[in-house]
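Enquirer: The listed protein sequences derive, respectively, from chains R and D. Using the UniProt record's numbering, you'd call the opening residue of the first sequence number 1 and step up by one each time. Using the UniProt record's numbering, you'd call the opening residue of the second sequence number 1 and step up by one each time. The C-beta atom is built at its ideal place from N, Cα and C for all residues, glycine as well. Just passing along the structure, written as structure tokens.
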Amino acid sequence: MSAVITASGLGKRYKSAVALDNVSFQVEPGRIVGLIGPNGAGKTTALKAILGLTDFTGELNVLGFDPRKQRDRLMGEVCFIADVAVLPRWIRVREVVDFVAHVHPRFDRTKCEAFLARTKLQPEQRVRQMSKGMIVQLHLALVMAIDAKLLILDEPTLGLDILYRKQFYQNLLEDYFDENKTIIVTTHQVEEVEHILTDLMFIRDGRIVLDADMDAVGERYIEVMVNADRADAARALKPLDERQVFGKSIFLFDGVGRAQLEALGETRRPSISDLFVATMKGTYA
Amino acid sequence: MNTFLWLVKREFWEHRGGFLRAPVITAAIFLVLNLMGIVTGEVMGRQMGFHLGIGSNNLHLLTQELDKQSMEAVGAGLDLVMYSSTMIIGIVLGFVVFFYCLGALYDDRRDRSILFWKSLPVSDTATVLSKVVSATVVAPLIAVVVGALTGLVMLLMFAITLSLHGVSVWHLLGLSHPLQVMANLVGSIPLYVLWALPTVGWLMLCSAWARSKPFLWAVALPVGVGIVIGWFNLLGTLNISNDWYWRGVVARILGSVFPGGWFSEVSGIGGDSPAAVLSSLSVMHSYSALGSMDLWIGVAAAIAMLAGAIWFRRWRDDS
Numbered sequence: 001m002s003a004v005i006t007a008s009g010l011g012k013r014y015k016s017a018v019a020l021d022n023v024s025f026q027v028e029p030g031r032i033v034g035l036i037g038p039n040g041a042g043k044t045t046a047l048k049a050i051l052g053l054t055d056f057t058g059e060l061n062v063l064g065f066d067p068r069k070q071r072d073r074l075m076g077e078v079c080f081i082a083d084v085a086v087l088p089r090w091i092r093v094r095e096v097v098d099f100v101a102h103v104h105p106r107f108d109r110t111k112c113e114a115f116l117a118r119t120k121l122q123p124e125q126r127v128r129q130m131s132k133g134m135i136v137q138l139h140l141a142l143v144m145a146i147d148a149k150l151l152i153l154d155e156p157t158l159g160l161d162i163l164y165r166k167q168f169y170q171n172l173l174e175d176y177f178d179e180n181k182t183i184i185v186t187t188h189q190v191e192e193v194e195h196i197l198t199d200l201m202f203i204r205d206g207r208i209v210l211d212a213d214m215d216a217v218g219e220r221y222i223e224v225m226v227n228a229d230r231a232d233a234a235r236a237l238k239p240l241d242e243r244q245v246f247g248k249s250i251f252l253f254d255g256v257g258r259a260q261l262e263a264l265g266e267t268r269r270p271s272i273s274d275l276f277v278a279t280m281k282g283t284y285a
Numbered sequence: 001m002n003t004f005l006w007l008v009k010r011e012f013w014e015h016r017g018g019f020l021r022a023p024v025i026t027a028a029i030f031l032v033l034n035l036m037g038i039v040t041g042e043v044m045g046r047q048m049g050f051h052l053g054i055g056s057n058n059l060h061l062l063t064q065e066l067d068k069q070s071m072e073a074v075g076a077g078l079d080l081v082m083y084s085s086t087m088i089i090g091i092v093l094g095f096v097v098f099f100y101c102l103g104a105l106y107d108d109r110r111d112r113s114i115l116f117w118k119s120l121p122v123s124d125t126a127t128v129l130s131k132v133v134s135a136t137v138v139a140p141l142i143a144v145v146v147g148a149l150t151g152l153v154m155l156l157m158f159a160i161t162l163s164l165h166g167v168s169v170w171h172l173l174g175l176s177h178p179l180q181v182m183a184n185l186v187g188s189i190p191l192y193v194l195w196a197l198p199t200v201g202w203l204m205l206c207s208a209w210a211r212s213k214p215f216l217w218a219v220a221l222p223v224g225v226g227i228v229i230g231w232f233n234l235l236g237t238l239n240i241s242n243d244w245y246w247r248g249v250v251a252r253i254l255g256s257v258f259p260g261g262w263f264s265e266v267s268g269i270g271g272d273s274p275a276a277v278l279s280s281l282s283v284m285h286s287y288s289a290l291g292s293m294d295l296w297i298g299v300a301a302a303i304a305m306l307a308g309a310i311w312f313r314r315w316r317d318d319s
């Protein structure tokens with residue numbers, strides 16, 4: 001199958017700053033890609049370019065469409081949740097379901113109503129009367145009822161309590177995702193998406209600094225817990241990062257042989273957040 | 001087409017208050033004020049010891065023996081009663097459409113719900129046009145229907161009052177032309193579309209373009225230019241007619257959402273009897289405005305401004 005997104009030489013410059021600096025990447029179908037980066041790294045700009053919401057330089061192909069010229073048709077195949085609370089505040093549940101049902105050719109009304117039946121949302125309820133969590137539930141019910149090939153989530157769980165956050169990703173995985181769909185998600189709550197991602201992309205200052213699938217990440221990055229007496233030997237292998245826990249040192253290595261590291265101490269796969277912190281060191285300095 | 005219908009429906013849902021409630025409330029207030037007026041008249045009449053009923057025989061005779069010209073005058077008066085409610089509602093309509101257009105492409109950018117609308121497979125052209133249709137067809141149509149119904153109620157109110165004084169109601173009502181009045185009102189909606197278009201276009205352009213305070217831009221820009229022109233005229237360095245600018249540009253891009261403005265392009269308004277005046281204001285006659293160049297220049301300018309609004313809707317990136 002051909003790639004869902006192919007980007008080459010993507011660039012975008014705002015008045016004061018470079019948002020995307022010659023970015024190239026590819027996303028294959030059936031993947032869940034985490035696009036992770038510090039504030040202002042260019043995540044949202046990249047997503048906006050994919051959705052045809054902003055102009056840019058370079059080549060970009062999304063599901064065979066050019067988002068700049070064929071946006072209307074592209075949006076028939078792509079869904080996105082921009083971040084919480086962008087549903088219009090005046091609209092009622094009944095109205096928004098009616099509207100999307102008549103405007104979106106791939107919308108399955110019964111599916112949407114089934115999702116809504118599992119929530120506390122009432123047909124006559126207006127968005128302005130809902131909590132943030134309920135708005136996201138409504139938005140998710142709409143989006144999950146659309147048979148789209150690509151789903152883009154930009155900080156979908158920002159400001160939600162932990163119950164809603166867990167439920168959000170659980171619904172996505174259980175009731176929505178399959179091998180024909182692709183999801184791209186940006187979030188700062190990395191721990192929450194860690195187990196569902198198949199691919200990881202780190203973006204920093206408008207550049208992709210890491211683009212790999214999770215297996216490759218596990219091969220490449222290894223964390224070792226080393227006793228104090230062998231710390232110098234570990235440092236000689238040029239770790240990415242070092243921190244102290246209970247008198248032991250934890251080193252993070254990039255591309256050092258597993259056998260070599262196992263000789264130093266107990267090895268394990270680093271968490272995405274540790275990897276992120278190590279990779280982004282000095283971003284705000 | 002189906003999508004377009006739902007886009008218009010969505011506009012109605014969002015602006016039910018302006019499109020439906022505002023004319024209905026205006027009509028209700030109008031009727032209540034008239035009722036109060038009638039009651040006051042009756043009560044005062046009684047207190048003064050003046051009973052219309054005494055003269056009822058005369059009045060009765062009067063209505064039967066009206067000559068043709070006075071019958072026309074009475075009919076025209078009754079028609080005017082019907083028009084009057086729509087005129088008041090028309091003024092309210094002007095304000096509703098003005099502020100609707102100003103917010104149409106701005107409010108959803110401010111609250112970021114544009115990101116939701118833009119996540120649906122709807123072209124920006126369809127979105128903008130659905131808003132134009134809502135402003136120039138849906139809102140006036142509702143206003144006209146509410147206005148005509150109010151006019152009928154008014155007519156009945158007067159008729160019943162008169163019948164209490166022994167005047168034959170049905171004979172009197174027979175002199176009015178309710179169907180013709182409604183046809184005239186509904187018939188002028190296409191003219192309203194063409195006439196209001198420059199204002200709708202300008203306001204929507206500002207609405208799509210402004211990063212903040214679209215009202216200020218929409219009003220301050222043309223007024224500011226007018227002041228500069230006036231100043232240059234004062235210095236005698238520029239030869240643009242001040243009058244032309246204010247009437248031909250400012251009034252058209254800010255005030256044309258108020259219905260009836262097109263009569264400035266119609267000649268031969270007036271007459272020596274109420275009926276003649278009314279007929280000079282009739283829909284058939286008012287369509288002679290279509291012969292005016294100014295109207296079509298306005299339409300052309302409006303199309304250009306709406307194209308600009310669509311472009312900004314597509315590419316404005318600030319949410």
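I need the straight-line Cα distance from P222/D to R71/R, nearest angstrom please.
Expert: 34 Å
Enquirer: Which full runs of the alpha helix (DSSP H) of 4+ residues lie inside the stretch 173-199 of chain D, going along the chain?
Expert: 178-187
Enquirer: What does R89/R touch in chain D if you count any residue whose Cβ is under 9 Å from its own?
Expert: D111 and S113
Enquirer: How is V122/D classed by DSSP in three states: helix, strand or coil?
Expert: coil
Enquirer: Give the straight-line distance between the Cα atoms of P123/R and R94/R, rounded to the nearest whole angstrom.
Expert: 5 Å
Enquirer: Closer than 8 Å, CB to CB, is G133/R near chain D or not?
Expert: Contact of G133/R with chain D is not assigned, every C-beta pair being separated by 8 Å or more.
Enquirer: Distance check for D215/R and A3/R, CA to CA, integer angstroms please.
Expert: 19 Å
Enquirer: In chain R, what lies closer than 8 Å to T3/D by C-beta?
Expert: H102 and V103
Enquirer: I want to verify the contact list: residues of chain R whose CB lies under 7 Å from the CB of K118/D, in sequence order.
Expert: L53
Enquirer: Is the beta carbon of V62/R closer than 8 Å to that of I81/R?
Expert: no
Enquirer: Across the stretch 175-190 of chain D and the stretch 143-154 of chain D, are there enough close Cβ pairs to call them in contact, namely three or more that are closer than 8 Å?
Expert: Yes, they touch.
Enquirer: Just by C-beta distance, which residues in the stretch 70-85 of chain R are closer than 9 Å to chain D?
Expert: R71, D72, R73, L74, M75, G76, E77, V78, C79, F80, I81, A82, D83 and A85
Enquirer: Considering R269/R, what are the terminal residues of the alpha helix (DSSP H) in which it resides?
Expert: Following the DSSP letters along the chain, one finds R269/R in no alpha helix (DSSP H), marked with neither H nor E.
Enquirer: Here's the rule: buried if 16 or more other CB atoms are within 10 angstroms of the residue's CB, otherwise exposed. What is P105/R?
Expert: So P105/R ends up on the exposed side.
Enquirer: If I'm right that F56/R touches L10/R with Cβ under 8 Å, what's the distance once you round it to whole angstroms?
Expert: Yes, F56/R and L10/R are in contact; Cβ-Cβ is about 6 Å, under 8 Å.
Enquirer: Using a Cβ-Cβ cutoff of 7 Å, what residues of the stretch 119-140 of chain D are near chain R? List them in chain order.
Expert: S119, L120, P121, V122 and S123
Enquirer: Could you compute how far the alpha carbon of T3/D sits from the alpha carbon of H102/R?
Expert: Distance between the alpha carbons of T3/D and H102/R: 6 Å.
Enquirer: Name, please, each residue of chain D whose Cβ falls closer than 7 Å to the Cβ of F99/R.
Expert: Contact of F99/R with chain D by beta-carbon distance below 7 Å involves W6 and R10.
Enquirer: DSSP state of Q70/R, grouped into three classes?
Expert: coil
Enquirer: Is there a Cβ of chain R sitting closer than 8 Å to that of W315/D, yes or no?
Expert: yes
Enquirer: Looking at the strands, I want to know which residues DSSP matches up with K12/R.
Expert: In the DSSP output, where bridge partners are listed per residue, K12/R has L20/R.
Enquirer: Can you check DSSP and say which residues form a bridge with S249/R?
Expert: V226/R and Q244/R
Enquirer: Chain R beta carbons: is any one of them nearer than 8 Å to that of W13/D?
Expert: In terms of beta-carbon proximity, W13/D lines the interface with chain R, with at least one pair separated by less than 8 Å.
Enquirer: Take V127/R as the anchor and find which of P88/R, R31/R, F25/R and G42/R has the nearest alpha-carbon.
Expert: P88/R
Enquirer: Are the C-beta of E95/R and some C-beta of chain D separated by less than 8 Å?
Expert: yes
Enquirer: Excluding sequence positions up to five away, which residues of its chain have a Cβ less than 8 Å from the Cβ of G230/D?
Expert: Counting only Cβ-Cβ distances below 8 Å, and skipping sequence neighbours, we find N242.
Enquirer: Go to D108/D, then tell me how far its alpha helix (DSSP H) extends in each direction, as first and last residue.
Expert: Run containing D108/D: D107 to R110, per the alpha helix (DSSP H) assignment.
Enquirer: In the DSSP assignment, find the unbroken alpha helix (DSSP H) run with G34/R in it and report its ends.
Expert: Unbroken run through G34/R is the beta strand (DSSP E), I32 to I36; no alpha helix (DSSP H).
Enquirer: Can you tell me whether I203/R is helix, strand or coil according to DSSP?
Expert: Taken through DSSP and simplified to helix, strand or coil, I203/R comes out as strand.
Enquirer: Please classify F25/R: does DSSP put it in a helix, a strand, or coil?
Expert: Strand at F25/R.
Enquirer: Using DSSP's beta-bridge definition, name the partner residues of N61/R.
Expert: T6/R
Enquirer: Can you tell which of Y176/R, E28/R, N227/R and V190/R has its C-alpha closest to the C-alpha of D108/R?
Expert: Y176/R
Enquirer: If you measure between the beta carbons of residue 322/D and L175/D, is that distance less than 8 Å?
Expert: This structure gives no information on residue 322/D, because the portion of chain D shown stretches from 1 to 319.
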